[in-house]
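Take a look at the structure below.
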Amino acid sequence: MKPEDVAQYLQEHPQFFNEYADLLADIQISHPQDDKVISLNERQIISLRDRNRVLQEKLLELISFGEENDAIGEKMHRLTIALLSVSNLDELFSALYFSLKEDFAVPFVAMRFWSVFGEGKNNVEFAPVGKDVQDIADSLAQPYCGNHVANEIKQWFGDDAEYLNSFAMIPLSTVQTIGLIVLGSPDGERFYPEMGTLHLKRLGELMCTSLTRYDQGETVGEIAVRDRNQ
0 MKPEDVAQYL QEHPQFFNEY ADLLADIQIS HPQDDKVISL NERQIISLRD RNRVLQEKLL
60 ELISFGEEND AIGEKMHRLT IALLSVSNLD ELFSALYFSL KEDFAVPFVA MRFWSVFGEG
120 KNNVEFAPVG KDVQDIADSL AQPYCGNHVA NEIKQWFGDD AEYLNSFAMI PLSTVQTIGL
180 IVLGSPDGER FYPEMGTLHL KRLGELMCTS LTRYDQGETV GEIAVRDRNQ
């Protein structure tokens, strides 16, 4: 008889130890962590303690995730308020850069937009972008996280590009893709392929919605003046 046969028999005959109750007290087995011999009941207690420790570790992990999500949610709330408080594109970009670098501790941020919002603007964010980059942004169904980006995108970071080892690319889309936000870090594990992208996606939606408050370079104040004069 093999050990597997014994295990299967006991699983199929749970009444066995009811019929041989004395065995529960008499069986001696080795301790899982040292050389001493213990009873079956003591071994069960050890197993329950081990299982309880695993459950406690999982609970602490879930609590940690919850606290982390709460902290990110609070930062997103502050960013939302900041973006709603600005009155022009320059202030909008400044608010986003400040939040990402100071609140979210993202050391390097670059953005490019190819839409009517930037017509007549000299901001670097509206510098010409190659078709390959636009195609990359169009192809992203969700934010990308990893260690590689196109050379043109990497050049957006200037001299700092050589120090960057991980990136997050966030496409900005309305009825079409209008831009791309790229986060960079010297830490190769800061943005990794398996990480969650929900908050990055929400960041893109927030920025995209904020951008659409502007009509061909007009500020909110300019639009209000124009409306009053009509």
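The opening residue of the sequence shown carries number 0 in numbering that gives the first Met the number 0; numbering runs sequentially from there. Glycine is no exception: its CB is placed at the ideal position from the N, C-alpha and C atoms.
Taking Cβ to Cβ, would you say residue i is nearer than 8 angstroms to residue j?
i	j	result
residue 184	residue 107	yes
residue 92	residue 121	no
residue 82	residue 94	yes
residue 199	residue 177	no
residue 74	residue 49	no
residue 79	residue 142	no
residue 239	residue 132	Because the chain spans 0 through 229 in this model, residue 239 falls outside it and cannot be assessed.
residue 111	residue 90	no
residue 191	residue 88	no
In whole angstroms, what separates the C-alpha of residue i from that of residue j?
i	j	result
residue 64	residue 203	22 angstroms
residue 167	residue 179	10 angstroms
residue 228	residue 140	With a pLDDT of only 48 at residue 228, under 50, the local geometry of the prediction cannot be trusted, and no value is derived from it.
residue 57	residue 155	41 angstroms
residue 3	residue 11	12 angstroms
residue 217	residue 55	Low local confidence applies: a pLDDT of 46 at residue 217 is under 50, so the model's placement there is unreliable, and no value is given.
residue 7	residue 15	12 angstroms
residue 113	residue 127	7 angstroms
residue 59	residue 53	10 angstroms
residue 51	residue 19	29 angstroms
residue 208	residue 84	14 angstroms
Can you tell me where the beta strand (DSSP E) with residue i in it begins and where it stops?
i	result
residue 128	Counting along the chain, residue 128 falls outside any beta strand (DSSP E), and DSSP gives it neither H nor E.
residue 103	No beta strand (DSSP E) contains residue 103, which DSSP labels as neither H nor E.
residue 27	27–29
Determine the extent of the alpha helix (DSSP H) in which residue i is found, giving its start and end residues.
i	result
residue 197	197–210
residue 5	2–11
residue 93	88–97
residue 16	15–18
residue 151	150–154
With a threshold of 8 angstroms between beta carbons, is residue i in contact with chain D?
i	result
residue 53	Going by chain labels, chain D is absent from the structure shown, which holds only one protein chain.
Which residues share a DSSP beta bridge with residue i?
i	result
residue 110	180
residue 142	Note: residue 142 sits in no beta bridge, so no partner.
residue 166	145, 183
residue 172	176
**Message:** Counting beta carbon pairs with one atom in the stretch 82–101 and one in the stretch 132–145, are three or more of them shorter than 8 angstroms?
**Reply:** Cβ pair count under 8 angstroms is below three, so no.
**Prompt:** Taking three-plus beta-carbon pairs below 8 angstroms as touching, is the stretch 186–201 in contact with the stretch 145–161?
**Reply:** The stretch 186–201 is in contact with the stretch 145–161.
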